[in-house]
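Reading through the C-alpha coordinates given below for one structure.
Numbering (the working numbering), first residue to last: 28 to 240.
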(Lines of atoms letter the chains of each structure in order from A and count residues from 1; the text may use other names and numbers.)
(Lines give C-alpha, C1' and ligand atoms only; values in the text may rest on other atoms or scores of the structure.)
Protein backbone atom coordinates (compact mmCIF):
# COMPACT_ATOMS: atom_id res chain seq x y z
CA UNK A 1 0.00 0.00 0.00
CA UNK A 2 1.01 3.58 -0.43
CA UNK A 3 2.16 5.69 2.46
CA UNK A 4 0.25 8.65 3.87
CA UNK A 5 1.76 11.84 2.49
CA UNK A 6 2.96 14.48 4.96
CA UNK A 7 0.79 17.11 3.27
CA UNK A 8 -2.37 15.02 3.66
CA UNK A 9 -4.03 12.06 2.06
CA UNK A 10 -3.01 11.50 -1.55
CA UNK A 11 -5.64 10.09 -3.88
CA UNK A 12 -3.32 7.73 -5.72
CA UNK A 13 -6.17 5.54 -6.92
CA UNK A 14 -7.61 8.53 -8.78
CA UNK A 15 -4.40 10.25 -9.88
CA UNK A 16 -2.90 7.33 -11.72
CA UNK A 17 -5.21 4.40 -12.31
CA UNK A 18 -2.44 2.33 -13.88
CA UNK A 19 0.12 2.71 -11.11
CA UNK A 20 1.19 -0.07 -8.76
CA UNK A 21 -0.41 1.71 -5.80
CA UNK A 22 -3.74 1.98 -7.64
CA UNK A 23 -3.59 -1.72 -8.42
CA UNK A 24 -3.00 -2.41 -4.72
CA UNK A 25 -6.30 -0.77 -3.82
CA UNK A 26 -8.10 -2.70 -6.53
CA UNK A 27 -6.59 -5.87 -5.09
CA UNK A 28 -7.75 -4.83 -1.62
CA UNK A 29 -11.26 -4.27 -3.00
CA UNK A 30 -11.24 -7.75 -4.51
CA UNK A 31 -9.87 -9.36 -1.34
CA UNK A 32 -12.64 -7.75 0.72
CA UNK A 33 -15.20 -9.18 -1.67
CA UNK A 34 -13.80 -12.69 -1.35
CA UNK A 35 -13.34 -12.48 2.41
CA UNK A 36 -17.00 -11.51 2.72
CA UNK A 37 -18.39 -14.49 0.80
CA UNK A 38 -21.75 -15.45 2.25
CA UNK A 39 -22.24 -12.20 4.17
CA UNK A 40 -22.86 -8.55 3.41
CA UNK A 41 -19.91 -6.19 2.98
CA UNK A 42 -21.80 -2.99 2.22
CA UNK A 43 -20.89 -0.93 5.32
CA UNK A 44 -17.20 -1.13 6.22
CA UNK A 45 -15.05 0.45 8.91
CA UNK A 46 -11.37 1.30 8.37
CA UNK A 47 -9.27 1.67 11.49
CA UNK A 48 -5.77 1.06 12.87
CA UNK A 49 -4.18 0.32 16.22
CA UNK A 50 -2.47 3.71 16.47
CA UNK A 51 -2.65 7.06 14.72
CA UNK A 52 -0.78 7.95 11.51
CA UNK A 53 -0.74 4.40 10.16
CA UNK A 54 -2.49 5.30 6.90
CA UNK A 55 -6.12 4.47 7.64
CA UNK A 56 -7.48 7.66 6.05
CA UNK A 57 -5.33 7.10 2.96
CA UNK A 58 -6.59 3.53 2.78
CA UNK A 59 -10.25 4.43 3.35
CA UNK A 60 -10.17 7.22 0.77
CA UNK A 61 -8.39 5.30 -1.96
CA UNK A 62 -10.49 2.21 -1.33
CA UNK A 63 -13.57 4.41 -1.76
CA UNK A 64 -12.18 5.71 -5.06
CA UNK A 65 -11.49 2.15 -6.17
CA UNK A 66 -15.08 1.12 -5.49
CA UNK A 67 -16.35 4.23 -7.29
CA UNK A 68 -14.25 3.37 -10.33
CA UNK A 69 -16.10 0.07 -10.39
CA UNK A 70 -19.30 2.13 -10.90
CA UNK A 71 -20.41 1.49 -7.33
CA UNK A 72 -22.32 4.30 -5.61
CA UNK A 73 -20.02 5.07 -2.67
CA UNK A 74 -20.35 7.18 0.48
CA UNK A 75 -17.21 7.94 2.49
CA UNK A 76 -17.93 9.02 6.08
CA UNK A 77 -15.51 10.70 8.45
CA UNK A 78 -16.21 8.90 11.72
CA UNK A 79 -13.22 10.48 13.45
CA UNK A 80 -14.97 13.10 15.57
CA UNK A 81 -11.77 13.94 17.43
CA UNK A 82 -9.24 14.57 14.67
CA UNK A 83 -11.07 14.43 11.33
CA UNK A 84 -9.17 14.35 8.03
CA UNK A 85 -11.61 14.14 5.14
CA UNK A 86 -12.22 17.90 5.05
CA UNK A 87 -8.53 18.28 4.16
CA UNK A 88 -8.76 15.63 1.46
CA UNK A 89 -11.94 17.15 0.01
CA UNK A 90 -11.69 20.88 0.89
CA UNK A 91 -14.86 21.72 -1.06
CA UNK A 92 -16.97 19.32 0.97
CA UNK A 93 -19.70 20.85 3.11
CA UNK A 94 -18.56 21.74 6.62
CA UNK A 95 -21.84 20.54 8.10
CA UNK A 96 -21.38 16.82 8.50
CA UNK A 97 -22.04 13.71 10.54
CA UNK A 98 -22.45 15.31 13.97
CA UNK A 99 -24.73 18.04 12.61
CA UNK A 100 -27.01 15.37 11.14
CA UNK A 101 -26.99 13.27 14.31
CA UNK A 102 -27.80 16.26 16.52
CA UNK A 103 -30.61 17.42 14.24
CA UNK A 104 -28.88 20.56 13.01
CA UNK A 105 -29.37 19.61 9.35
CA UNK A 106 -30.79 16.90 7.13
CA UNK A 107 -28.44 14.26 5.77
CA UNK A 108 -29.15 15.27 2.17
CA UNK A 109 -27.78 18.76 2.81
CA UNK A 110 -24.63 17.44 4.55
CA UNK A 111 -23.48 14.98 1.89
CA UNK A 112 -21.21 16.34 -0.86
CA UNK A 113 -20.79 14.80 -4.30
CA UNK A 114 -17.09 14.90 -5.11
CA UNK A 115 -15.43 15.51 -8.48
CA UNK A 116 -14.85 11.75 -8.61
CA UNK A 117 -17.76 10.02 -10.31
CA UNK A 118 -19.94 7.91 -7.97
CA UNK A 119 -18.14 9.12 -4.82
CA UNK A 120 -19.85 11.24 -2.15
CA UNK A 121 -18.45 12.40 1.20
CA UNK A 122 -19.94 13.08 4.62
CA UNK A 123 -17.44 15.01 6.72
CA UNK A 124 -17.26 14.87 10.52
CA UNK A 125 -19.04 18.18 10.97
CA UNK A 126 -18.96 20.21 14.18
CA UNK A 127 -16.65 18.51 16.68
CA UNK A 128 -18.67 17.44 19.75
CA UNK A 129 -17.63 17.17 23.41
CA UNK A 130 -18.93 13.57 23.56
CA UNK A 131 -17.84 11.69 20.41
CA UNK A 132 -18.29 8.18 21.82
CA UNK A 133 -21.85 8.84 22.96
CA UNK A 134 -22.82 10.34 19.61
CA UNK A 135 -21.30 7.48 17.62
CA UNK A 136 -22.96 4.92 19.85
CA UNK A 137 -26.40 6.48 19.59
CA UNK A 138 -29.49 4.96 18.00
CA UNK A 139 -29.43 7.88 15.54
CA UNK A 140 -26.06 6.67 14.26
CA UNK A 141 -27.39 3.18 13.72
CA UNK A 142 -30.42 4.59 11.91
CA UNK A 143 -28.20 6.79 9.74
CA UNK A 144 -26.07 3.83 8.65
CA UNK A 145 -29.19 1.87 7.82
CA UNK A 146 -30.51 4.79 5.79
CA UNK A 147 -27.35 5.39 3.75
CA UNK A 148 -26.83 1.64 3.41
CA UNK A 149 -30.14 1.40 1.59
CA UNK A 150 -29.14 4.12 -0.87
CA UNK A 151 -25.42 3.51 -1.51
CA UNK A 152 -23.74 0.36 -2.79
CA UNK A 153 -20.77 0.82 -0.45
CA UNK A 154 -20.38 2.89 2.73
CA UNK A 155 -16.86 3.34 4.14
CA UNK A 156 -16.20 4.87 7.55
CA UNK A 157 -12.83 6.33 8.54
CA UNK A 158 -12.51 6.01 12.32
CA UNK A 159 -10.03 6.97 15.06
CA UNK A 160 -7.27 4.56 16.07
CA UNK A 161 -8.72 1.60 17.94
CA UNK A 162 -6.31 1.68 20.89
CA UNK A 163 -6.67 5.42 21.49
CA UNK A 164 -10.40 5.61 22.18
CA UNK A 165 -13.43 3.29 22.16
CA UNK A 166 -14.98 4.86 19.03
CA UNK A 167 -13.74 2.20 16.60
CA UNK A 168 -15.13 -0.60 18.76
CA UNK A 169 -18.47 1.19 19.01
CA UNK A 170 -18.67 1.61 15.25
CA UNK A 171 -17.46 -1.96 14.78
CA UNK A 172 -20.75 -3.21 16.20
CA UNK A 173 -22.72 -1.38 13.49
CA UNK A 174 -20.83 -2.35 10.34
CA UNK A 175 -20.57 -5.44 8.18
CA UNK A 176 -16.80 -5.66 8.45
CA UNK A 177 -13.64 -4.00 9.74
CA UNK A 178 -10.46 -3.39 7.75
CA UNK A 179 -7.44 -2.98 10.02
CA UNK A 180 -4.52 -0.91 8.70
CA UNK A 181 -1.09 -1.71 10.15
CA UNK A 182 2.01 0.37 9.44
CA UNK A 183 5.04 -1.90 9.21
CA UNK A 184 7.70 -0.84 11.69
CA UNK A 185 5.30 1.40 13.63
CA UNK A 186 2.86 -1.01 15.25
CA UNK A 187 3.69 -4.10 17.32
CA UNK A 188 2.11 -7.53 17.11
CA UNK A 189 0.88 -7.08 20.66
CA UNK A 190 -0.99 -3.93 19.65
CA UNK A 191 -2.63 -5.70 16.73
CA UNK A 192 -3.61 -8.61 18.98
CA UNK A 193 -5.10 -6.13 21.45
CA UNK A 194 -7.20 -4.54 18.70
CA UNK A 195 -8.41 -7.98 17.60
CA UNK A 196 -9.37 -8.92 21.15
CA UNK A 197 -11.29 -5.68 21.48
CA UNK A 198 -13.16 -6.21 18.22
CA UNK A 199 -13.87 -9.84 19.09
CA UNK A 200 -15.25 -8.69 22.44
CA UNK A 201 -17.96 -6.64 20.70
CA UNK A 202 -18.48 -9.27 17.97
CA UNK A 203 -17.10 -7.00 15.25
CA UNK A 204 -16.01 -8.88 12.13
CA UNK A 205 -12.41 -8.15 11.06
CA UNK A 206 -12.12 -8.83 7.35
CA UNK A 207 -8.33 -8.62 7.31
CA UNK A 208 -5.25 -6.47 7.74
CA UNK A 209 -3.70 -4.01 5.28
CA UNK A 210 0.07 -3.93 5.74
CA UNK A 211 1.11 -0.36 4.98
CA UNK A 212 4.59 0.90 4.00
CA UNK A 213 5.72 -2.67 3.34
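For every residue, glycine included, the Cβ atom is placed at its ideal position computed from N, Cα and C.
Going by C-alpha positions, residue 114 is about 14 Å away from residue 107. Nearest C-alpha to residue 191 among 152, 76, 57 and 59: 76. The three-state secondary structure of residue 161, taken from DSSP, is helix. A straight-line Cα-Cα distance of about 6 Å links residue 74 and residue 187. A direct Cα-Cα distance of roughly 9 Å separates residue 58 from residue 234. Taken in chain order, the whole beta strand (DSSP E) runs of length 3 or more contained in the segment 117–196 are 146–149 and 180–184. For the set 64, 153, 127 and 109, the Cα lying nearest the Cα of residue 171 is the one of 127. Comparing alpha carbon positions, the residue from 50, 240 and 169 closest to residue 129 is 169. Per DSSP, reduced to three states, the secondary structure at residue 107 is coil, with no helix or strand assignment. DSSP places residue 234 inside the beta strand (DSSP E), whose first and last residues are 232–238.
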